[in-house]
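**Q** In the UniProt record's numbering, the protein residues as written are 1 to 342.
(1) Which residues does DSSP pair with residue 310 in a beta bridge?
(2) Please state whether the Cβ-Cβ distance between residue 96 and residue 148 is less than 9 Å.
(3) Leaving out five residues before and five after residue 188 in sequence, what residues of the same chain have Cβ atoms less than 8 Å from its Cβ?
(4) Could you name the residues of the same chain whose beta carbon sits closer than 6 Å to that of residue 162, not counting the 5 residues immediately before and after it, in chain order?
(5) Rounded to the nearest angstrom, what separates residue 349 and residue 58 at their Cα positions?
(6) Quick check: residue 87 and residue 50, are their CB atoms within less than 9 Å of each other?
(7) Taking one C-beta from the region 61-73 and one from the region 129-141 each time, how about it: are there three or more such pairs within less than 8 Å?
(8) Confirm the yes/no value for this check: CB of residue 295, any heavy atom of the ligand MN, distance under 8 Å.
(9) Taking the straight line between their C-alpha atoms, what separation do you get for residue 179 and residue 206?
(10) Specify whether the region 276-291 and the region 193-201 touch according to this definition: at least 3 beta carbon pairs, one from each stretch, less than 8 Å apart.
(11) What whole-angstrom Cβ distance do residue 172 and residue 89 have, given they're in contact under 8 Å?
(12) Ends of the beta strand (DSSP E) at residue 87?
(13) Identify the continuous alpha helix (DSSP H) that holds residue 158 and give its terminal residues.
(14) How many Å lie between residue 20 and residue 47 at the Cα?
(15) Looking at residue 309: is its Cβ nearer than 9 Å to the Cβ of residue 247?
(16) If you follow the alpha helix (DSSP H) that residue 227 is in, where does it begin and where does it stop?
As structure tokens, this is what we get:
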């Protein structure tokens with residue numbers, strides 16, 4: 001029933017009209033110039049936010065800027081005379097060497113970060129596709145690249161949280177309903193995630209995608225624990241910690257986006273899949289709900305489902321997190337693997 005509810009969700013309760021004015025706040029969205037990320041950036045910009053769009057294609061960013069500025073969407077009513085701003089951050093998540101220099105450049109003129117959406121993703125690319133460093137492309141992009149980016153952004157997120165209203169600074173890890181098809185017993189086959197991995201080369205491409213989406217769930221859960229532990233203490237009361245960064249994972253929904261660009265060719269399959277796909281703007285609402293809704297301030301370590309509701313990760317992935325320490329294990333592995341790029 002949970003899967004059915006996510007595939008055919010009720011109408012959203014949280015919509016663009018519920019987004020407050022965001023002037024003075026700073027946001028970063030990976031993959032923000034297309035698909036669901038574009039919808040997130042559109043809303044943030046027209047509500048007055050400073051929006052940093054991270055991606056590898058400046059031409060795609062330029063086209064997105066024209067689209068965002070010229071179209072506030074069907075449901076958004078705002079004073080267009082006072083929009084926010086849009087900036088490009090050139091990062092290729094499939095090449096770890098590009099991430100630290102880009103973040104260092106960003107930090108020269110960005111002094112706060114209120115919400116980051118790790119939204120970019122690769123789904124079912126041609127078999128054998130790899131990142132620059134030799135990771136299976138979906139794992140390397142969806143998990144490893146985002147982990148390194150998050151590691152480098154953590155100090156700024158933590159500092160922003162210390163001076164902000166509790167629960168308003170957030171890190172959003174975009175997963176998928178496909179995490180429910182990730183490898184058992186706990187969602188990650190740890191023997192298949194290293195560079196140039198022979199086992200990964202023999203796994204089905206959809207299994208690899210599902211594993212990467214489970215990886216996003218694990219990172220969100222583990223960071224939720226660590227963000228509380230790492231929160232700075234209050235100057236007035238050293239025993240009391242200041243607000244921490246809220247970490248959430250989510251399933252944006254089954255959506256009509258360019259994420260399916262590699263999964264075409266079978267016309268019957270395409271037709272059947274199209275029957276369960278929703279407009280990408282609704283997926284944007286799921287992500288905006290996780291990042292901005294007042295009630296999700298209490299969702300640290302939680303999981304959001306379409307189109308803006310509290311949900312639960314699949315039971316066996318949850319069991320790994322709670323009884324087997326899979327989140328901590330993955331975090332420690334990735335710390336070691338990205339250390340030369342951090």
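Heads up, the beta-carbon is just placed ideally off N, CA and C, and yes, glycines get one too.
**A** Taking the geometry as given:
(1) 304
(2) yes
(3) 182, 211, 214, 215, 218, 320, 326, 330
(4) 232, 242
(5) Absent from the model: residue 349. The displayed extent of the chain is 1 to 342, so no value can be given.
(6) yes
(7) no
(8) The ligand MN is not part of this structure, which contains no ligands at all.
(9) 10 Å
(10) no
(11) That belief does not hold up - the Cβ atoms of residue 172 and residue 89 are roughly 17 Å apart, past 8 Å.
(12) 85-90
(13) 146-162
(14) 7 Å
(15) no
(16) 205-230
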